[in-house]
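In full-length UniProt numbering, the protein residues as written are 1 to 121.
Note that the Cβ used here is the ideal one computed from N, Cα and C, for glycine as well.
Small disclaimer: the values here were computed from a predicted structure and weren't measured.
What follows is the structure in structure tokens.
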């Protein structure tokens, strides 16, 4: 499934205006960036090896992708080695920290003052 999504993003090229991929509904309806705005462009940039562009489109998304890769690696290692391996998502505070980070990201990327105005995509 993830491979199909990546293929659609690769073919759709969300960095071009008028892309076949849909725009963010929050941005289209309310005119503000949601925490996930820029994620398609961020993934497209990551797939093309452009880390700086990916960070510009959605910095928190790049960190989230890194954490997901880490979690998948830990799970895969545990399956192949036959031993369970604890990772970041197994701690009880992980969900609360993720919620706080996403909420703060949502607020600061919509502030119309410098340097936060540059986070608006």
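Do residue 40 and residue 14 have their beta-carbon atoms positioned less than 8 Å apart in this structure?
Here residue 14 refers to the residue found at position 14 of the chain shown. Here residue 40 refers to the residue found at position 40 of the chain shown. Taking 8 Å as the Cβ cut-off, residue 14 and residue 40 qualify as a contacting pair.
If I measure Cβ to Cβ from residue 55 and keep anything under 7 Å in the same chain, skipping five residues before and after, which residues do I get?
In the chain shown, counting from the first residue as 1, residue 55 sits at position 55. Answer for residue 55: 62, listed in chain order.
According to DSSP, is residue 1 helix, strand or coil?
For the purposes of this step, residue 1 is identified with residue 1 of the chain shown, where counting begins at 1. The answer is coil: DSSP assigns residue 1 none of H, G, I, E or B.
Counted within 10 angstroms of its Cβ, other Cβ atoms place residue 37 as buried (16 or more) or exposed
Here residue 37 corresponds to residue number 37 of the chain shown, with the count starting at 1. Residue 37 should be labelled buried.
Expected contact under 8 Å - CB spacing of residue 50 and residue 120 to nearest Å
Locating residue 50 in the chain shown gives position 50, counting from the first residue. Locating residue 120 in the chain shown gives position 120, counting from the first residue. So it is not a contact: roughly 20 Å between Cβ atoms.
Relative to the C-alpha of residue 59, which candidate in 42, 9, 31 and 48 has its C-alpha closest?
Taking the first residue of the chain shown as position 1, residue 59 is located at position 59. Among 42, 9, 31 and 48, the Cα nearest to that of residue 59 is on 42.
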